[in-house]
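Asks: Got a structure here, written out as structure tokens. Questions coming.
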Amino acid sequence: MSELELNRLRVSFGGVHALCEIALRLEQGEIASLIGPNGAGKTTVLNAICRMVETSGGEIFYRGQDITRIRPHRVARLGIARTFQNIQLLGGATVLENLMTARHTQTPVNPLAALVYGHSAKHAEVRNREKVEEILELLGLQRFREHRARELPYGIQKVVELARALCLEPGLLLLDEPAAGLDTREAADMALWIQGINQRCGTSVLMIEHDMNLVARVSDRVVVLDQGRILTQGTLESVRANPDVARAYLGRP
Amino acid sequence: MNRHLQTSYLEDARLERRPGTRLFVALLFGLLLTAPLVLNRFLIGELSLILIYGIASIGLMILVGFSGQLSLGHAAFLGIGAYTHALLLSSQVPLIMALLGGGAVAGMAGLLVALPAVRMSGVYVAIVTLTFSLICEQVLIHWRSITGGFGGMRVPSPTMLGFDLSKPVAFYLLCLTLLSLTIIVANNILRGRSGRAWVAIRESELAARSMGIPVGGYKILAFGVSGFFTGIAGALFAHHLGYLSPDAFRYPTSVLLLLMVVVGGLGSLAGALTGAVVVGLLPQGLAMLRDTLPPALGEQPGLEPGLFGFILVATIIFEPTGLYGRWRRLLETARSFPLRAHPGRRAPSRHNKR
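As you go down the protein sequences, you meet chains P and X in turn.
Everything in the first sequence is counted per our numbering, starting at 1 for the first residue and increasing by one.
Everything in the second sequence is counted per our numbering, starting at 254 for the first residue and increasing by one.
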């Protein structure tokens, strides 16, 4: 059973066909990169998987389950976490609070204990905090724990968003341009973390990225998207050698 | 200099996060408990009103300050709580049950308002709540067989286990108990799963969804919880008034409640309470001001609502974190003096929003 399967997926906004007949399989533990020129529909693919845009046709399966019609918060509950191209942190909250909030799906519901802050509520709090500390340590974010997200440098905010996605203990991680706006060193760190997460937790990753160094370092497979269609897929070398890809990026010679 | 060494993760979730806070709360509570021994009947009555405002302010704060939904019609929940409570008392329901009943009916009204309100955002939510309060006002006026219309209705005096609680001191202690319970319960909700979900929705609905938070459901819950606490406050308010009429639950009261949470500081319970104290003292201050002002200005009708509106606007422009936010920053500066306070180590967002 594959981790993620898109079957003839279509998304249209009025008369504009953002995605046409997308067919994509992601195996468990695989890291796939989605590349393509601006407006190719890369983010729409992620939004469709997260159910943040309505699909016009086709199906999406996560571990064999049809998720084409479920509500967005249910997607996260199933174990699909994402980051955003334009960072969506809780700006006024601290890094710690951001990550604790992301433990929502992993926290048992017990209204009565919550009202009196009883034993089970305290237990959940400590367990969540342990997990959060583990993730803070993994990504080297401990010293920013009490900082407000809005006040952190852009590069750190990107890492915090990755950390927040990890708090959901996801099976599939969707990253929308994780290295955009990062300098060379930060991008290299990001590559290490993505690989580390993938190896340590067996998390599958579907990533949109323009930084070809990062793509080359972490991807098992590269998928090229152009004008809402999959142009080609394979290793980075094979994709690079494909004349259609150069044409998509540079126009007709 | 902060020499406190943290030894447990639970400390971050404690009610008093700083060592001095416990002492301060204990002192304040002690002062409030002993207040009846020193203050006269009139002042105790005024103090009771501030405590009632405190409960209502917490109710509104949960909705506006935490879940980020603006309500311009909270007087309606106050009114629903008050009338329900009075009606239940008239039909011989015990005081505590009537109080809870007032809260429960107001809470259900909150859920009802939420149904259309969660389908909208921003100012449109405010319009829904405003409309709701206008409808409630008309119902209170015209459903004469139940509410007595403009003529109003008498509120039976509160008794519990044979004790008469209508005396100022006894009533004051009842209000103090209920406010304390409200603070504890509200704080428990806010520091847990639901409170965090509300803050997430306030900051970014997109992010909240991606974290698996059902945004609509939590907004509805916020309206319900907010309505419940405001309803409890309304029930106590009924005793404070002694005689209910629709006039007490019109839009000026809604603005008054909004004034509390904004002036106090959005996004914290301490802010809600600060606001309740300030707004509770305002009429007295205004009365004194009236005497000193030239008659041409001091005897203007509408001076009070005008001033309230002015304070509201001025706070939003000049002090958007409210009085409590300013206080936190002063504390921070004092703690790190003579160094500048570290910009990142300010109060966490539960305590101030911007």
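Just so you know, even glycine gets a beta-carbon here, dropped at the ideal spot from N, CA and C.
Distance check for V516 of chain X and L535 of chain X, CA to CA, integer angstroms please.
Replies: By one-based count along the second sequence, residue 535 of chain X stands at place 282. By one-based count along the second sequence, residue 516 of chain X stands at place 263. Taking the straight line from one Cα to the other gives about 12 Å.
Asks: As a quick exercise: from X:R543, X:V514, X:L526, pick the residue whose alpha carbon is nearest that of I564 of chain X.
Replies: Start at 1 with the first residue of the second sequence, and residue 564 of chain X comes out as number 311. Of X:R543, X:V514, X:L526, the residue nearest in Cα terms is X:V514.
Asks: In its own chain, which residues sit with a C-beta less than 6 Å from the C-beta of L96 of chain P, not counting the 5 before and 5 after it?
Replies: Within the first sequence, residue 96 of chain P is the residue found at index 96, counting from 1. These residues qualify, in order along the chain: R145.
Asks: Helix or strand or just coil, what does DSSP make of L476 of chain X?
Replies: Here residue 476 of chain X corresponds to residue number 223 of the second sequence, with the count starting at 1. Checking the sequence shown, residue 476 of chain X turns out to be Phe, not Leu. Note: F476 of chain X maps to helix in three-state DSSP.
Asks: P243 of chain P touches chain X at which residues, Cβ-Cβ below 9 Å?
Replies: By 1-based counting over the first sequence, the position of residue 243 of chain P is 243. By Cβ distance, chain X contributes nothing, its closest Cβ being about 38 Å from P243 of chain P, past 9 Å.
Asks: At a cut of 8 Å, does the stretch 100-119 of chain P reach the stretch 481-500 of chain X through at least three beta carbon pairs?
Replies: Flag = no, the stretch 100-119 of chain P and the stretch 481-500 of chain X do not touch.
Asks: So which of X:L512, X:E299, X:N441 has the shortest CA-CA distance to S120 of chain P?
Replies: Residue 120 of chain P sits at position 120 when you count from the first residue of the first sequence. Of the listed residues, the one whose Cα sits closest to S120 of chain P is X:N441.
Asks: Go ahead and pull the three-state DSSP assignment for R82 of chain P.
Replies: For the purposes of this step, residue 82 of chain P is identified with residue 82 of the first sequence, where counting begins at 1. Three-state result, R82 of chain P: strand.
Asks: Rounded to the nearest angstrom, what separates S521 of chain X and A149 of chain P at their Cα positions?
Replies: Position 268 of the second sequence holds residue 521 of chain X. Position 149 of the first sequence holds residue 149 of chain P. Answer to the nearest angstrom: the Cα atoms are 18 Å apart.
Asks: Cβ closer than 9 Å: which chain P residues qualify as neighbours of A450 of chain X?
Replies: Stepping through the second sequence from its first residue, residue 450 of chain X is reached at position 197. The contacting residues are T101, H104.
Asks: Under three-state DSSP, which class holds L519 of chain X?
Replies: If you number the second sequence from 1, residue 519 of chain X lands on position 266. In the structure shown, L519 of chain X sits in coil (DSSP, three-state: anything other than H, G, I, E or B).
Asks: Rounding to the nearest angstrom, what Cα-Cα distance links N213 of chain P and S219 of chain P in this structure?
Replies: Taking the first sequence and counting its residues from 1, one reaches residue 213 of chain P at position 213. Taking the first sequence and counting its residues from 1, one reaches residue 219 of chain P at position 219. Answer to the nearest angstrom: the Cα atoms are 10 Å apart.
Asks: If we cut at 7 Å on Cβ distances, does R82 of chain P have a partner in chain X?
Replies: Within the first sequence, the letter at position 82 stands for residue 82 of chain P. Yes, R82 of chain P lies at the interface with chain X (some Cβ there is under 7 Å from its Cβ).
Asks: Quick one: is H493 of chain X buried, meaning 16 or more other Cβ sit within 10 Å of its Cβ, or exposed?
Replies: As a position in the second sequence, residue 493 of chain X is number 240, starting the count at 1. Buried.
Asks: Could you please give the first and the last residue of the uninterrupted beta strand (DSSP E) stretch that includes N7 of chain P?
Replies: The residue labelled residue 7 of chain P in the question sits at position 7 within the first sequence. Counting along the chain, the beta strand (DSSP E) containing N7 of chain P begins and ends at 4-13.
Asks: What residue range does the alpha helix (DSSP H) around D244 of chain P cover?
Replies: Here residue 244 of chain P corresponds to residue number 244 of the first sequence, with the count starting at 1. D244 of chain P -> alpha helix (DSSP H) spans 243-250.
Asks: Does I454 of chain X pass the burial test, meaning 16 or more other C-beta atoms within 10 Å, or should it be called exposed?
Replies: Counting from 1 along the second sequence, the entry for residue 454 of chain X is found at position 201. Classification for I454 of chain X: buried.
Asks: Can you tell me the Cα-Cα spacing of N86 of chain P and I156 of chain P, whole angstroms?
Replies: In the first sequence, the residue the question calls residue 86 of chain P occupies position 86. In the first sequence, the residue the question calls residue 156 of chain P occupies position 156. Roughly 14 Å between the two C-alpha positions.
Asks: Any contact between the stretch 315-328 of chain X and the stretch 479-490 of chain X? By contact I mean 3 or more CB pairs, one from each, below 8 Å.
Replies: Output reads yes: the stretch 479-490 of chain X touches the stretch 315-328 of chain X.
Asks: Between Y504 of chain X and chain P, is there a C-beta pair that is closer than 7 Å?
Replies: Working through the second sequence from its first residue, we reach residue 504 of chain X at position 251. Cβ-Cβ to chain P under 7 Å: no for Y504 of chain X.
Asks: So F330 of chain X packs on G533 of chain X, CB below 8 Å; how close in whole Å?
Replies: For the purposes of this step, residue 330 of chain X is taken as the residue at position 77 of the second sequence. For the purposes of this step, residue 533 of chain X is taken as the residue at position 280 of the second sequence. Actually they are not in contact, since the Cβ atoms of F330 of chain X and G533 of chain X sit about 19 Å apart, beyond 8 Å.
Asks: How many Å lie between A279 of chain X and E572 of chain X at the Cα?
Replies: Here the question's residue 279 of chain X lines up with position 26 in the second sequence. Here the question's residue 572 of chain X lines up with position 319 in the second sequence. Computed Cα separation, rounded: 29 Å.
Asks: Specify, as a first and last residue, the run of the beta strand (DSSP E) that R25 of chain P falls within.
Replies: Looking up residue 25 of chain P in the first sequence gives position 25. 16-26 is the extent of the beta strand (DSSP E) around R25 of chain P.
Asks: Could you tell me which of X:A367, X:P409, X:G318, X:G448 sits nearest to P347 of chain X, measuring between CA atoms?
Replies: Position 94 of the second sequence, counted from the start, is the residue given in the question as residue 347 of chain X. Nearest C-alpha to P347 of chain X: X:P409.
Asks: R397 of chain X versus chain P: which residues are under 8 Å apart at the beta carbon?
Replies: Residue mapping note: residue 397 of chain X aligns to position 144 of the second sequence, counting from 1. By Cβ distance, chain P contributes nothing, its closest Cβ being about 38 Å from R397 of chain X, past 8 Å.
Asks: What do you reckon, are the CB atoms on V126 of chain P and M100 of chain P nearer than 7 Å?
Replies: Start at 1 with the first residue of the first sequence, and residue 126 of chain P comes out as number 126. Start at 1 with the first residue of the first sequence, and residue 100 of chain P comes out as number 100. Cβ distance not < 7 Å, so V126 of chain P and M100 of chain P don't count as in contact.
Asks: Could you check where the alpha helix (DSSP H) with L296 of chain X kicks off and where it finishes?
Replies: Against the second sequence, residue 296 of chain X aligns to sequence position 43. Residues 294-314.
Asks: For a contact defined as C-beta to C-beta under 7 Å, what are the partners of T68 of chain P on chain X?
Replies: If you number the first sequence from 1, residue 68 of chain P lands on position 68. What T68 of chain P touches in chain X: nothing, since even the nearest Cβ is about 17 Å away.
Asks: Cβ of A76 of chain P within 7 Å of Cβ of G465 of chain X?
Replies: Numbered from its first residue, the first sequence carries residue 76 of chain P at position 76. Numbered from its first residue, the second sequence carries residue 465 of chain X at position 212. Cβ atoms of A76 of chain P and G465 of chain X: closer than 7 Å.
Asks: Tell me the rounded alpha-carbon separation between E151 of chain P and H104 of chain P.
Replies: For the purposes of this step, residue 151 of chain P is taken as the residue at position 151 of the first sequence. For the purposes of this step, residue 104 of chain P is taken as the residue at position 104 of the first sequence. For E151 of chain P and H104 of chain P, the distance between alpha carbons rounds to 24 Å.
Asks: When the Cα of E134 of chain P is compared with those of P:A32, P:V222, P:I197, which residue comes out closest?
Replies: Within the first sequence, residue 134 of chain P is the residue found at index 134, counting from 1. It is P:I197 whose Cα lies nearest to the Cα of E134 of chain P.
Asks: Kindly list the residues whose CB is nearer than 8 Å to the CB of W193 of chain P, restricted to its own chain and excluding five residues on each side of it in sequence; keep chain order.
Replies: Working through the first sequence from its first residue, we reach residue 193 of chain P at position 193. Taken in chain order, the residues that qualify are L138, L139, V159, L162.
Asks: Taking only beta-carbon positions, decide if R127 of chain P is within less than 7 Å of chain X.
Replies: Position 127 of the first sequence, counted from the start, is the residue given in the question as residue 127 of chain P. False, the Cβ-Cβ gap to chain X never drops below 7 Å.
Asks: So with CB distances below 9 Å, who are the chain X contacts of R77 of chain P?
Replies: The residue given as residue 77 of chain P occupies position 77 in the first sequence. Those are G465, listed as they occur along chain X.
Asks: Would G609 of chain X pass as an interface residue toward chain P - the criterion being a Cβ-Cβ separation below 7 Å?
Replies: Residue coverage of chain X in this structure runs from 254 to 607, which leaves residue 609 of chain X outside it and unanswerable.
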